Amino acid sequence: MAAVRLNAYLARAGVSSRRGADELIRAGRVTVNGQAAGLATFVAARDRVAVDGRPVSLEPLAYVLLHKPAGVVTTARDTHGRPTVVELVGHAVRVVPVGRLDTDTTGALLLTNDGQLAHRLAHPRYGVEKLYEAEVEGVPDAEDLRRLREGVDLDDGRTAPAGARLVRSGRAGALLELSLHEGRKHQVKRMCAAVGHPVRRLHRRGYAGIELGGLGPGEWRELTTGEVEALRRAATRRAPERTARQR
Ligand code: URA
48 MAAVRLNAYL ARAGVSSRRG ADELIRAGRV TVNGQAAGLA TFVAARDRVA
98 VDGRPVSLEP LAYVLLHKPA GVVTTARDTH GRPTVVELVG HAVRVVPVGR
148 LDTDTTGALL LTNDGQLAHR LAHPRYGVEK LYEAEVEGVP DAEDLRRLRE
198 GVDLDDGRTA PAGARLVRSG RAGALLELSL HEGRKHQVKR MCAAVGHPVR
248 RLHRRGYAGI ELGGLGPGEW RELTTGEVEA LRRAATRRAP ERTARQR
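Using our numbering, you'd call the opening residue of the sequence shown number 48 and step up by one each time.
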């Protein structure tokens, strides 16, 4: 293990969140090799870390794919007492969600205790693909699809190039497939509303090439070694630069 900051080590060991670890360190409750530790302390595998005198050891890394149902919140703890994705998974190690899905959005959500990978996957620099199915009001025409693909002006700037395909349409509305390489708050809903087709239901089918397959709502599974390796590769390839026109 490369040296990591002490708060990250304590979080990975399942002691607390990073912020909680900072409080423990500030309170003088954490020692490294018998010495009181500071916020700037780094630790490596050979170091002996203890909280209140009790040794702390690292948990194995865990990677989980959850089919998030509607009504469950994407946080570790909800201030309004609603069910959370972390409770739903109930994994033996302390995994946290990578990015966010709205409470009413269903679908693929990764959870892990690999803080470094999670941080990279969520970073816009790597442009990891998120594949959505959006049931929208009305039927988007060719011009609406072109705007979704080329970029929509939102209040936080123009969206990056995306994939947009009409899967089916009927009198009640349409189903769109959207492939995004960024992850702004409520992005799909804002993009669809901006082209005049508000989202009625949103589902994420895949994340970084990993699809739900047969996982039912509320079910989860560990990722395979191959999937974890693919995620690592996705989080090291920079997304292609956008052109000035698309920006
Ligand atoms: N875009 C949204 O609008 N909501 C989500 O949950 C995910 C993407």
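By construction, the Cβ of each residue, glycine as well, lies at the ideal position given by its N, Cα and C atoms. Keep in mind the model is a prediction, meaning the values are calculated, not measured.
Three-state secondary structure (DSSP) of residue i
{"i": "residue 32", "result": "The chain is shown only over 48 to 294; residue 32 falls outside these bounds and no answer can be derived."}
{"i": "residue 66", "result": "helix"}
{"i": "residue 52", "result": "strand"}
{"i": "residue 135", "result": "helix"}
{"i": "residue 113", "result": "strand"}
{"i": "residue 60", "result": "coil"}
{"i": "residue 108", "result": "coil"}
Identity of the residues DSSP links to residue i by a beta bridge
{"i": "residue 144", "result": "158"}
{"i": "residue 163", "result": "Partner(s): none; residue 163 has no beta bridge."}
{"i": "residue 102", "result": "97"}
{"i": "residue 258", "result": "253"}
{"i": "residue 86", "result": "According to DSSP, which records beta bridges pairwise, residue 86 is partnered with nothing at all."}
{"i": "residue 173", "result": "DSSP, once it has assigned bridges, lists no residue as partnering residue 173."}
{"i": "residue 78", "result": "83, 97"}
{"i": "residue 120", "result": "131"}
Buried or exposed (CB count within 10 angstroms, at least 16 for buried), residue i
{"i": "residue 234", "result": "buried"}
{"i": "residue 177", "result": "buried"}
{"i": "residue 88", "result": "buried"}
{"i": "residue 54", "result": "buried"}
{"i": "residue 271", "result": "exposed"}
{"i": "residue 93", "result": "exposed"}
{"i": "residue 250", "result": "buried"}
{"i": "residue 80", "result": "exposed"}
{"i": "residue 144", "result": "buried"}
{"i": "residue 161", "result": "buried"}
{"i": "residue 48", "result": "exposed"}
{"i": "residue 78", "result": "buried"}
Integer-rounded CB distance, given that residue j should sit under 8 Å from residue i
{"i": "residue 157", "j": "residue 265", "result": "Contact flag wrong, Cβ pair sits at about 16 Å."}
{"i": "residue 242", "j": "residue 216", "result": "Contact flag wrong, Cβ pair sits at about 15 Å."}
{"i": "residue 278", "j": "residue 168", "result": "7 Å"}
{"i": "residue 179", "j": "residue 227", "result": "7 Å"}
Exercise for the section: Entirely within the region 179-218 and at least 3 residues each: give me those beta strand (DSSP E) ranges in chain order. Expected result: Complete beta strand (DSSP E) runs here, min 3: 210-217.
Exercise for the section: For the region 261-288, list the alpha helix (DSSP H) runs that are entirely contained and at least 4 residues long, ordered along the chain. Expected result: Segments of the alpha helix (DSSP H) lying fully in the region 261-288: 272-281.
Exercise for the section: Within the region 214-255, note down every full beta strand (DSSP E) run reaching 3 residues or more, in order along the chain. Expected result: As for any beta strand (DSSP E) of minimum length 3 sitting wholly inside the region 214-255, the runs are 220-227, 246-254, ordered along the chain.
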